[in-house]
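Q:
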């Protein structure tokens, strides 16, 4: 539904409902064209098709509402949590009016017409400036300028579930389940996440946006939670590849599409196959996408072991062959794979595919 | 006195033309009947008047009612719905004027 039902429920909120009563204390605006929007001020993960800001007439943003993950566009959209956010927004507004909130520095303005590819391919053709195009063309320019950091710009919005945080979505940032990295750090079910690396967060949208700002080389993050009304500081050790997310829904043109998935080999499996590079990214193909055959991009089969790409067998970040290609190669590039099939070593070509938009 | 499906014809229905008109309106099917009368939709119009009403008068009331509804419905709807602006600058101006915070939605409709 891409948030369509949620959008309709919010826009058509009856004035006598609790949500309607909260909304009637706001000036409500719904923007469907991004042409004249300051995308510098309203920066977000551009693969969200529905996103909200609570702010004031001085363009001070109190909080964000929205955010999605790879599972669904509306994993974190919930009318109850929106009501909590609306109520908090009013409270923050009163604090601001009384001078109790500090003004945040306004981000540098950036308008869609200042993004050359967007101007050339959409604005000049009078077609809609779609949100995902803003994100994509910004990344294409970064790639052209040699400033693209794929860990940050391609793997946007790391998933908090990778840390082991499962939220009680209707209750906003109240934690429902903890496991993995956050359990040993002391997070408990019922805690309400209040800050990340010192920045207060009120909604999942806030949390996701500020978690995305964490340096991808970071080893730890600080989170503050509220437990039984009292603040508790937690120091969380980030797991390896904490930033990794499934990119399928994003349709990046900067992402080399390889049309296969693989799982890393264990040390034991590497030994069995005579692979000397213990820290290599050798991985076993577990799925081949039908597009591989349609586009003739490669001839890998399920069960093949890919242990090298262009004679490289290890990487400081990638733990699988396809992640190595996504991170280190450009979309559309052809690479040579070192493969073990039925115990025999062979080489084969893989032509990565570059997405394009028919705009 | 003549009987009809709609009850006894009243004495004052001297004019056959008027009676035909009244019958065609079918507004008083139970007049003088011992059966309980159905609740009339036109309760704001005195029954005696309805009996005398001619088609043009009924049409006048229908048109009047439609006009009232047409004028009143947007006002009623406004009271029942949140007002959404579609212009960011207007929202800023309105927020300045009313001292309210802004709830800004960005909806990308692919």
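Chains as they are written, first to last, in this note's numbering: chain A, 1 to 359; chain B, 1001 to 1110. Don't be surprised by glycine CBs; every beta carbon is placed ideally from N, CA and C.
1. Following the continuous alpha helix (DSSP H) through residue 184 of chain A, name the residue where it begins and the one where it ends.
2. Using three-state DSSP, classify residue 87 of chain A as helix, strand or coil.
3. Could you tell me if residue 1062 of chain B is buried or exposed, where buried requires 16 or more neighbouring beta carbons within 10 angstroms of its beta carbon?
4. Which residue's Cα is closest to the Cα of residue 124 of chain A: A:130, A:134, A:133, A:113?
5. Look up residue 15 of chain A in the DSSP assignment and say whether it is helix, strand or coil.
6. Taking only runs that begin and end inside the segment 50-118 of chain A, name each unbroken beta strand (DSSP E) of 3 or more residues, in chain order.
7. Answer with yes or no whether the minimum CB distance from residue 1085 of chain B to chain A is below 8 Å.
8. Based on DSSP bridge pairs, tell me the residues matched to residue 1084 of chain B.
9. So the alpha helix (DSSP H) residue 321 of chain A belongs to, where does it begin and stop?
10. For a test of the three-state rule: what should DSSP assign to residue 291 of chain A, helix, strand or coil?
11. Excluding the 5 residues flanking residue 208 of chain A on each side, which residues of the same chain have their C-beta closer than 6 Å to its C-beta?
12. What residues of chain B sit near residue 52 of chain A, judged by a beta carbon separation below 8 Å?
13. Could you tell me whether the segment 51-66 of chain A touches the segment 143-160 of chain A, using the rule of 3 or more Cβ pairs below 8 Å?
14. Would you verify that the beta carbon of residue 17 of chain A is, or is not, closer than 8 Å to some beta carbon of chain B?
15. Here's the rule: buried if 16 or more other CB atoms are within 10 angstroms of the residue's CB, otherwise exposed. What is residue 1064 of chain B?
16. Under the three-state reduction of DSSP, which class applies to residue 230 of chain A: helix, strand or coil?
17. Is the distance from the Cβ of residue 3 of chain A to the Cβ of residue 79 of chain A below 8 Å?
18. Would DSSP call residue 155 of chain A helix, strand or coil?
19. Give every residue of the same chain whose Cβ lies closer than 6 Å to the Cβ of residue 1036 of chain B, excluding the five residues on either side of it in the sequence, and list them in chain order.
20. Ends of the beta strand (DSSP E) at residue 308 of chain A?
21. Would you grab the beta carbon distance between residue 46 of chain A and residue 132 of chain A for me? Rounded to a whole angstrom, and I think it's under 8 Å.
22. Strictly under 8 Å for the Cβ-Cβ distance: is residue 1077 of chain B near chain A by that measure?
23. What are the boundary residues of the alpha helix (DSSP H) that includes residue 204 of chain A?
24. What is the DSSP secondary structure of residue 1038 of chain B, counted as helix, strand or coil?
25. If you drop the 5 nearest sequence neighbours on each side, which residues of the same chain put their C-beta closer than 7 Å to that of residue 23 of chain A?
26. Which bits of chain B does residue 104 of chain A rub up against, with CB to CB less than 9 Å?
A: Judging by the given coordinates:
1. Run containing residue 184 of chain A: 182-185, per the alpha helix (DSSP H) assignment.
2. In the three-state reduction of the DSSP assignment, residue 87 of chain A falls in the helix class, which pools H, G and I.
3. Taking all protein chains in view, the Cβ of residue 1062 of chain B is surrounded by fewer than 16 other Cβ atoms within 10 Å, so the residue is classified as exposed.
4. The option with the nearest alpha carbon to residue 124 of chain A is A:113.
5. Taken through DSSP and simplified to helix, strand or coil, residue 15 of chain A comes out as coil.
6. 50-55, 61-66, all fully within the segment 50-118 of chain A.
7. Cβ-Cβ to chain A under 8 Å: yes for residue 1085 of chain B.
8. Paired residue(s): A:28.
9. Residue 321 of chain A -> alpha helix (DSSP H) spans 321-328.
10. If DSSP states are grouped into helix, strand and coil, residue 291 of chain A belongs with the helices.
11. Counting only Cβ-Cβ distances below 6 Å, and skipping sequence neighbours, we find 67, 157.
12. Here the neighbours are 1103, 1104, 1105, 1106.
13. Put simply, the segment 51-66 of chain A does not touch the segment 143-160 of chain A. Fewer than three CB pairs are less than 8 Å apart.
14. Judged by the 8 Å Cβ criterion, residue 17 of chain A is not in contact with chain B.
15. Exposed, since its Cβ has fewer than 16 Cβ neighbours within 10 Å.
16. Residue state for residue 230 of chain A is assigned as strand, using DSSP reduced to three classes.
17. The Cβ atoms of residue 3 of chain A and residue 79 of chain A lie no closer than 8 Å to each other.
18. Coil.
19. For residue 1036 of chain B, the pLDDT reaches just 43, beneath the cut-off of 50, and the residue's location in the model is therefore unreliable, leaving the point undetermined.
20. Its beta strand (DSSP E) spans residues 305-309.
21. Confirmed, about 5 Å.
22. Confidence is the limiting factor: at residue 1077 of chain B the pLDDT is only 49, short of 50, which leaves the residue's position unreliable, though a coordinate-based value still follows. No, its Cβ sits nowhere closer than 8 Å to a Cβ of chain A.
23. Where residue 204 of chain A is concerned, the enclosing alpha helix (DSSP H) stretches over 204-212.
24. Note that residue 1038 of chain B scores a pLDDT of 46, beneath 50, so its modelled location is shaky; the value from the coordinates is reported in the next line. Coil at residue 1038 of chain B, not helix or strand.
25. Closer than 7 Å at the Cβ level, and outside the excluded window around residue 23 of chain A, lie 13, 86.
26. Within chain B, no residue comes near residue 104 of chain A; the closest Cβ sits about 15 Å away, beyond 9 Å.
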